[in-house]
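Numbering (our numbering), first residue to last: 232 to 399.
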């Protein structure tokens, strides 16, 4: 079946349709180059952090961790250690505790402003973080001076939404 979309397009624009596997996603870089990634075949956790979080310019530092606190991938500039990742994992299980004690990343203490079993939001002066839980992982997005907190939240949350959509 063919549908004529020309009446909906501006002159000089084209519509391209992709059929991709359910465990894949499309990423467009700043040059407009589109690449299809598969979580199970060619995409590493490090690639996801670099391309979908840091590469957007909306996240300063990032990590993807297992629900047990294991660090699967992180940005090169994020010096998160295992105890900090474990504390974040525990914070998703015990929101009252993390609200009272805060979280540390790179040795710096952040106050936790909001926490529940799905996300944690923290802040320290002009910097802050968002943690979003998925079925098998959690994603940490840190923003620093010059990065809008709302964009960090939206970008980190979008990757978490994608993970949830494929039951990951």
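By construction, the Cβ of each residue, glycine as well, lies at the ideal position given by its N, Cα and C atoms.
Keep in mind the model is a prediction, meaning the values are calculated, not measured.
Only exposed fits residue 339, as fewer than 16 other CB atoms lie within 10 angstroms of its CB. With a cutoff of 7 Å on beta-carbon distance, residue 390 and residue 364 are scored as not near each other. Less than 7 Å separates the beta-carbon of residue 304 from that of residue 276. Per DSSP, residue 357 is not a residue of any beta strand (DSSP E), being assigned neither H nor E.
Listed in chain order, the non-local C-beta contacts of residue 332 below 7 Å within the same chain number zero, local neighbours out to five positions each way being set aside. As for any alpha helix (DSSP H) of minimum length 4 sitting wholly inside the region 291-366, the runs are 313-324, 326-332, ordered along the chain. Going by C-alpha positions, residue 344 is about 5 Å away from residue 353.
Taking C-alpha positions only, residue 374 is separated from residue 314 by approximately 21 Å. Residue pairing of residue 373 in beta bridges, as defined by DSSP: 292, 360. Between residue 362 and residue 320, the CB-CB gap reaches or exceeds 7 Å. In this structure, the beta-carbon distance from residue 398 to residue 366 falls below 7 Å. DSSP places residue 379 outside any alpha helix (DSSP H), giving it a letter other than H or E. A distance of 7 Å or more separates the beta carbons of residue 296 and residue 394. Under the 10 Å beta carbon count, residue 306 is surrounded by 16 or more other beta carbons and is classified as buried. 334 is the residue among 334, 283, 282, 346 whose C-alpha sits nearest the C-alpha of residue 355.
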